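All residue numbers in the sequence shown are consecutive under this note's numbering, ending with 179.
All residues carry an ideal CB built from backbone N, CA and C; glycine is no exception.
Bear in mind that the values here come from a model prediction, so they are computed numbers and not experimental data.
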Amino acid sequence: MRWLLWLAAAALLALASPEPTGSPSACAQPARPPALLPSRVVRVVDGDTVRVWLDAREERVRLLGLDAPERFPGPRLYQQARQLGLPADLLRRWASAGYAFASRHLAGQRVGLELDVQDRDEFGRLLAYVWVGRVLFNLELVREGYAWSYPLPPNLRYAELLAACQREAQQARRGLWGH
């Protein structure tokens, strides 16, 4: 009988609690900003670069806040492998998977581009967060383990969020973190 009272009291407390009992993910989608640059993805170059049609011309866009494995062997791929402590051939496999993921979700799609503090890099690429509907695609790449958080000052709007998504992917052993 006493255990039944404890059970009833616990149920009442849970129902009356203003806070949710489970902890929400630190890697939750942010609210979509109201002002985005409307564009259409013409081609996915790799996991962190796309070409879009914007203002009547084609633009190369580097996705902000993340880095993805290089698709082809070369010094940059080997540098990434050393930095992450992962084999280069593993990174190349995930580069192909990330390219396929990005192609599946972005190719031909209407997207919104969100700029941060600096709008172009030293190669002339537009630096942007890419929104597909209400989804920040940059976040999805990191959350699914196709890319890792790569803060690029002064463009740090989602740096903490993307770092949290990387931790979540690593803990869940998603994508390249699962080997």
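Can you give the Cα-Cα distance for residue i and residue j, rounded to whole angstroms?
i: glutamine 83; j: tryptophan 148; result: 11 Å
i: glycine 145; j: glutamine 171; result: 11 Å
i: glutamine 79; j: alanine 95; result: 14 Å
i: proline 154; j: proline 34; result: 22 Å
i: arginine 62; j: valine 50; result: 7 Å
i: leucine 37; j: aspartate 55; result: 9 Å
i: alanine 10; j: tryptophan 177; result: Model confidence at alanine 10 stands at a pLDDT of 35, short of 50, so the residue's coordinates are unreliable; what they give is reported in the following sentence. In a straight line, the C-alpha of alanine 10 is about 39 Å away from that of tryptophan 177.
i: glutamine 29; j: glutamine 109; result: 19 Å
i: alanine 88; j: alanine 31; result: 36 Å
With DSSP as the reference, please indicate the residues paired to residue i in a beta bridge.
i: valine 52; result: Val41 and Glu59
i: tryptophan 131; result: Gly112 and Leu136
i: leucine 66; result: Ser149
i: aspartate 46; result: Thr49
Between which residues of its own chain and residue i is the CB-CB distance below 7 Å, once the five residues before and five after are set aside?
i: glycine 175; result: Trp94, Glu144, Gly145, Tyr146 and Ala169
i: tyrosine 99; result: Val44, Asp46, Gly47 and Arg71
Go through its chain and collect everything with a Cβ distance to residue i's Cβ below 6 Å, but skip five positions before and after it.
i: alanine 26; result: Ala164
i: arginine 60; result: Arg51 and Arg125
Can you give, in chain order, each stretch of the alpha helix (DSSP H) that sits fully within the region 140-174 and has at least 4 residues?
Listed in chain order, the complete alpha helix (DSSP H) runs (minimum 4 residues) inside the region 140-174 are 159-172.
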